[in-house]
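Counting from 1, one number per residue, gives the positions in the sequence shown under the working numbering.
Glycine included, C-beta positions come from ideal geometry on N, C-alpha and C.
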Amino acid sequence: MTSVAEAEVSSARAFLKDLREEIRNHPGVGHSLLSRMFMDPRTKHDFRVLASQHYPLVANFTAYMELLLLRAPTSEAKCWIAKVLVDEYGDRSHGADHPQAYRAFMHAAGIEPGFESDFPLHPDAVDFIREHYRICTEEPFLVGLGAVGPGHEWSIPTMFEHVLVGLRKAGFEAEEMAYWTMHLDQDADHGDWLEEALVEYCHTEEARAQVRHGALLSLNAREKFWWGVLDKVNTELTKSAFPGIASAALESGSPQPTFNHIREELEINISFGGEMSGE
Ligand SMILES: [Fe+2]
Ligand SMILES: [Fe+2]
1 MTSVAEAEVS SARAFLKDLR EEIRNHPGVG HSLLSRMFMD PRTKHDFRVL
51 ASQHYPLVAN FTAYMELLLL RAPTSEAKCW IAKVLVDEYG DRSHGADHPQ
101 AYRAFMHAAG IEPGFESDFP LHPDAVDFIR EHYRICTEEP FLVGLGAVGP
151 GHEWSIPTMF EHVLVGLRKA GFEAEEMAYW TMHLDQDADH GDWLEEALVE
201 YCHTEEARAQ VRHGALLSLN AREKFWWGVL DKVNTELTKS AFPGIASAAL
251 ESGSPQPTFN HIREELEINI SFGGEMSGE
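As C-alpha cells, then:
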C-alpha cells in the first residue's frame, strides 16, 4: 500500500512534469529569434550583438541563487541550491566560472577583452535583471525557486540547442562555443537537482501556484529579453541603410545604460557590497 508521503511525492512529481511541458511550450523558450537559427543565415557579428546583451544576465545569475540560498527554509533545499552554485562557480568547467567562460565566447565573437560590460543595453535586458532581483528578494521563496529552477535551468538546454545551430552556421569553433555546449549537460543536471528541492515543497496548491508563478514571471521576462536582442540585431543590420529611423534599441533621447553603469544600483551590491558573477 502507498503511504501518504509517497502519494504526496508522486503527485508533486506529476505537477512538475506538467510544468516542464508548459515551459517547453512557452514563447520565451521557443522565441522566433531562436527558432529562426535553423532557417536564417547567422554571422559572428550577430552573436557579438547577442552577447553584448546576454552577458549581464550571465553575470548576475549566481547572485539570484545566492539570495535564494539565504532564504531557503531547510538544509536539504540549501544543499540542492549550493550544489548548482558550485558548478556555476566553475567546478565542472576547469575552474572558470560561467561568466569567465562566457567572456571567452565574447572575445571569439569579436569583443575586445575588458570591454564586455560597455555596451548600451536594451531596456528589456535591464528589466530582466531587475525583475529577477525583485523576484528573489521580494516574492515568496518558492516563487524565486520557480524562477531560477524551472524558469532558468529547465529552459536553458532547449534555448541553447537553438543558439548552437546559429553558432555553427556563423563558423565558431568547438572550443569557442564551450560556454553554450557545457550548459546542455550541466543545466540538465541543475534542473534535476532543483527539482529535488521542489519536490519537497510542491504538496499544496498554494506552493505549486507559487512555483509556477515564478517560472512564468522569469519566462515572460525572457521572452521580452529575446525581443530586445532581436531589435538590437536588426538595428545593427538596418542602421547604415536607414540612418533616420530610430528603434527601441537605439539611443534616442536619454542614453541607454551599459552593464557597467547599472552594476552599482543592483540589489546584491546594495545589500552586500559583493562582486557579481553567474549563469
Ligand atoms: Fe545552470
Ligand atoms: Fe551556468
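Q. Out of curiosity, what's the CA-to-CA distance linking residue 201 and residue 266?
A. Numbered from 1 along the sequence shown, position 201 holds the residue referred to as residue 201. Numbered from 1 along the sequence shown, position 266 holds the residue referred to as residue 266. For residue 201 and residue 266, the distance between alpha carbons rounds to 29 Å.
Requested in this report: Pick out the complete alpha helix (DSSP H) segments inside the region 125-191, 4 residues or longer, and give them in chain order.
Outcome: 141-148 and 156-170
message = Give me, in chain order, the residues of the same chain whose beta-carbon lies closer than 7 Å to that of residue 11; leave out the 5 immediate sequence neighbours on both sides.
response = Residue mapping note: residue 11 aligns to position 11 of the sequence shown, counting from 1. Sequence-distant Cβ neighbours of residue 11 in its own chain, meaning closer than 7 Å and more than five residues away, do not exist here.
**Study point:** residue 159 versus 34, 236, 210 and 194, residue with shortest Cα-Cα distance
**Key:** To locate residue 159, count along the sequence shown from 1; it is residue 159. Out of 34, 236, 210 and 194, the CA that lies nearest to the CA of residue 159 is found in 34.
Would residue 211 be called buried (16 or more neighbouring beta carbons within 10 Å of its own) or exposed?
As a position in the sequence shown, residue 211 is number 211, starting the count at 1. By the 10 Å Cβ count, residue 211 comes out buried.
Could you tell me the distance, in whole angstroms, from the CA atom of residue 48 to the CA atom of residue 199?
-> Position 48 of the sequence shown holds residue 48. Position 199 of the sequence shown holds residue 199. Cα atoms of residue 48 and residue 199: separation of roughly 39 Å, rounded to the nearest angstrom.
What does the Cβ neighbour count give for residue 259, buried or exposed, with the cut at 16 atoms within 10 Å? Reading the sequence shown from its first residue, position 259 is the one you call residue 259. Classification for residue 259: buried.
Beta carbon of residue 161: closer than 8 Å to some heavy atom of ligand 2? Taking the sequence shown and counting its residues from 1, the one referred to as residue 161 is at position 161. Checking every heavy atom of ligand 2 against the Cβ of residue 161, none is found closer than 8 Å.
Which value, in whole angstroms, describes the spacing of the CA atoms of residue 139 and residue 145?
By 1-based counting over the sequence shown, the position of residue 139 is 139. By 1-based counting over the sequence shown, the position of residue 145 is 145. Their Cα atoms are separated by approximately 10 Å.
Per-residue burial, residue 62 [other beta carbons within 10 Å of its own, 16 or more giving buried]: Stepping through the sequence shown from its first residue, residue 62 is reached at position 62. By the neighbour-count rule (16 or more Cβ atoms within 10 Å), residue 62 is buried.
Once the 5 residues before and after residue 176 are set aside, which same chain residues still bring their CB inside 7 Å of it? Your numbering for residue 176 matches position 176 in the sequence shown. These residues qualify, in order along the chain: 105 and 108.
- Message: Can you tell me whether residue 29 is helix, strand or coil according to DSSP?
- Response: Here residue 29 corresponds to residue number 29 of the sequence shown, with the count starting at 1. For residue 29, the three-state secondary structure derived from DSSP is coil.
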